[in-house]
């Protein structure tokens, strides 16, 4: 092994070998285990959320492969309708063209060209993370096989009476000119105004005053609503008002939607441009009036003064005109939530348009029979799947979110006014009749009426989430009868692959429980009769070290690849500000980057980053990612590397296949669980562990593996990481390697051989246990370990995951207890050395007093180990009645351990040093108390700073106590 661990040298090598060897394909005859990758956008690049989520999925996949399951991590990408179309349109705009200049067919060809050239960025980045996706089965939502599934689902739901075309209110992006889903809308708090406007009564009375943040929409008002129990306005209900700036009169209506205590208690009703008003208008059977064009300009049917004006220009003119008429009662500042399109940054408008909808709310009858569950053919089975325990959320509380959305669901707008995507399989004749089929011939064949004239296919495409909802079964080959090929390669076979439905677990974020999780349950249940997955693990959202949301405009984002490879400060500044167009924002971001990363970002490697993510993966809603933790886990990787070098150096004289055991110590392989490959190495019956230290480390390994298995089952990856970290760092590296040295340097040939074997055997088990989380370093080290144990597998990933049963033979509980006792004694001696500043290499005398019979027996048994590990020149018991010399002491159970100080330290010099340090610490405590005693500091300083000061005070107080105790001993 090389002297130091260099991740950049080993990671590319091993991933290429794994993929070339087909290591990620489902193997064996074990029970199926499947994870579905939430398909990232084909336009996307890797971010910290992806890296976190994919670390979890990869750990689960590798763990279950090693457990013998026939494991499939199904991957692929989403065509990302809006995002992809925008990229290509921007390219055309740079050349002075639009998609309309190319026409639909040529434009789609251009998008496919972009996909072939640039659409694999994120999947290549996933390889850098070590993601063990079966790339031979990679799918794309616009592949022919998945497109066929989309057409089949659309047609089936239409013929079952669940899909319809209607004029409804939707989120409309006036820049992209398409309907968008709620997920593509950010509600941002902005500074705005609240304008109070008087609507005069038709009979000449004062009328009513309404407040609005969008005065331009008043041109589309159809009523003013008041609460039916509001005594102030009951006498006006049923009467009419003059709608300012128009020649229309509108009624006053009563509706419980109105909040009497908010504003004036009067609400203008504009059904064509507000979702809540739409519902009020429907209840009162009012005809909506559209006042905006699709590009957000005032329609020609509006009053002449405003026709053709942009909505925000019209707003200003309307306010001027209202003030001139004396109808603008009040203007005041107001914080409001503004819906912003994620894709275009345009303000979203609720718009009344013709769209396709999936019926999720009404009682549907199919072929004269009630839908499943007696109502709601699609949503009721999805609710029942969670209610009846077929699907379990982890943490469980997210099931409430899922249920509440389905119980209050609205019909789903599935159409989008784009060209890139799955074109809706519906045709229209010249009379407006609709013909739906998987192709035009199928649509004609299933129509009850002959078409009038030529048929023209619907220009719209389906919402990207429509195809994503089919992901669990479309990726497995449905609805094809046989194998499905893409590009000449078989990527799925429904006859075989439906065994992977339901998948074991879906790993995803809480923000798409509505848009993806629930819809997959609805679609998969409807078309396969199964649930898509048994469990849904909702992973946390990654925030920065201070708990703030990561954002490019804040300058607190981290590129996972920069963390893996490292990046210098100037390159980081340039990268962080590259996409920021506003100079003030660029300056702010650059300042923060230079402050937070004065030396850039040091490379930690993939394994350390993955271990960090695992260690942070609690059941919490968010995790704070701190670079210092990643650097700490890089140290963990270095510790493992150095421990392996130590072990292999001690075996360097052994030929391959000779582990240092006696001839009868034959290595035996046992089969893995669930039909897996051969598992681990055990010793022959005549060669049980010789030393107590070996028995202790094997017992600790067995206990750790129990803990790891339990925590994998419950998705507590943080506790998996903690258990492995503590075992490797503390038990194996800090203790067992040290405890093995007396045996390795001793004269007992059996103890030498046995210790060598156990060092190697436990190291090999550690590498297997760590592999799902840290695949690269474990593979590299394992390649050097495996030949020493005569293991024929070509990869650690092909070995069985270690189980406690492999390591419990020949373990004596008494020997384990003896080592715990020895650790306590050595730990106390080391503590005294540290506190008294006794040089680590200086030989010391040891005295023992009191103690039990067991203590005496143990001291005799472990005298060699104590002498070696404690740097001890002599050991003896105090004689009965002998006075204790001036000593530093510790107590282990009944045993008193003494280190005489005479000759070890200069007492006067040490007293002077301690006194000086005590005075310094007392000064620091006074400073802390001064700050915390100041009301101004506590009230005005950031909470994190105040908390830091309190922690400093606690640390200083603890240190002071220890120093005073140490001085008292002297």
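Numbering (my numbering), first residue to last: 2 to 971.
Ideal placement from N, C-alpha and C gives every residue a C-beta, glycine not left out.
Expected contact under 8 angstroms - CB spacing of residue i and residue j to nearest Å
i, j, result
"residue 66", "residue 798", "7 angstroms"
"residue 645", "residue 2", "6 angstroms"
"residue 606", "residue 570", "The pair is not a contact, with the Cβ atoms about 20 angstroms apart (cut-off 8 angstroms)."
"residue 214", "residue 195", "6 angstroms"
"residue 473", "residue 521", "6 angstroms"
"residue 60", "residue 718", "7 angstroms"
"residue 395", "residue 537", "7 angstroms"
"residue 850", "residue 885", "7 angstroms"
"residue 223", "residue 242", "So it is not a contact: roughly 11 angstroms between Cβ atoms."
"residue 973", "residue 79", "The chain is shown only over 2 to 971; residue 973 falls outside these bounds and no answer can be derived."
Straight-line Cα distance separating residue j from residue i
i, j, result
"residue 352", "residue 381", "29 angstroms"
"residue 945", "residue 554", "22 angstroms"
"residue 768", "residue 903", "47 angstroms"
"residue 709", "residue 68", "13 angstroms"
"residue 791", "residue 785", "11 angstroms"
"residue 649", "residue 761", "8 angstroms"
"residue 680", "residue 421", "With a pLDDT of 32 at residue 680, under the threshold of 50, the modelled position of that residue is not reliable, and the figure given next carries that caveat. Their backbone Cα atoms lie some 50 angstroms apart in a straight line."
"residue 298", "residue 456", "32 angstroms"
"residue 574", "residue 81", "29 angstroms"
"residue 389", "residue 614", "33 angstroms"
"residue 93", "residue 458", "25 angstroms"
"residue 121", "residue 139", "11 angstroms"
"residue 418", "residue 150", "21 angstroms"
"residue 620", "residue 391", "21 angstroms"
"residue 159", "residue 335", "45 angstroms"
"residue 152", "residue 780", "45 angstroms"
Classification of residue i by the beta-carbon crowding that lies within 10 angstroms, buried from 16 upward
i, result
"residue 113", "exposed"
"residue 949", "exposed"
"residue 126", "buried"
"residue 58", "buried"
"residue 216", "buried"
"residue 228", "buried"
"residue 137", "exposed"
"residue 272", "buried"
"residue 728", "buried"
"residue 371", "Note that residue 371 scores 45 on pLDDT, short of 50, meaning its location in the model is unreliable; the coordinates nonetheless yield the value given after this. It is exposed - the Cβ of residue 371 has fewer than 16 other Cβ atoms within 10 Å."
"residue 124", "buried"
"residue 283", "exposed"
"residue 14", "exposed"
"residue 1008", "Residue 1008 lies beyond the range of the chain shown here (2 to 971); nothing can be said about it."
"residue 770", "buried"
"residue 268", "buried"
"residue 71", "buried"
"residue 493", "buried"
For residue i: DSSP bridge partner residues
i, result
"residue 358", "165, 414"
"residue 717", "None, per the DSSP bridge assignment."
"residue 156", "The partner list for residue 156 (beta bridge, DSSP) is empty, contrary to what the question assumes."
"residue 625", "544"
"residue 494", "484"
"residue 457", "429"
"residue 332", "196"
"residue 71", "33"
"residue 77", "140"
"residue 888", "901"
"residue 509", "539"
"residue 441", "BP columns for residue 441 are empty, so no partner."
"residue 311", "298"
"residue 241", "252"
Within-8 angstroms CB hit, residue i to chain D
i, result
"residue 99", "In the displayed structure, chain D is absent; only one protein chain is listed."
* Asked: Would you call the stretch 32–44 and the stretch 500–520 in contact, with 3 or more CB pairs under 8 angstroms?
  -> yes
* Stretch pair the stretch 464–481 + the stretch 434–442: three plus CB contacts closer than 8 angstroms -> Touching, no.
* To do: Count the CB pairs spanning the stretch 813–831 and the stretch 687–699 that are closer than 8 angstroms, and state whether there are at least three.
  => Cβ pair count under 8 angstroms is three or more, so yes.
* Asked: Given 8 angstroms as the limit, is there contact between the stretch 621–639 and the stretch 574–586, that is, 3 or more CB pairs closer than that?
  -> no
* Asked: Within the chosen definition, does the stretch 950–967 reach the stretch 912–926 through at least 3 CB pairs nearer than 8 angstroms?
  -> yes
* Asked: Is the stretch 806–818 close to the stretch 94–108, with three or more CB pairs under 8 angstroms?
  -> Pairwise C-beta distances place the stretch 806–818 out of contact with the stretch 94–108, as fewer than three of them are shorter than 8 angstroms.
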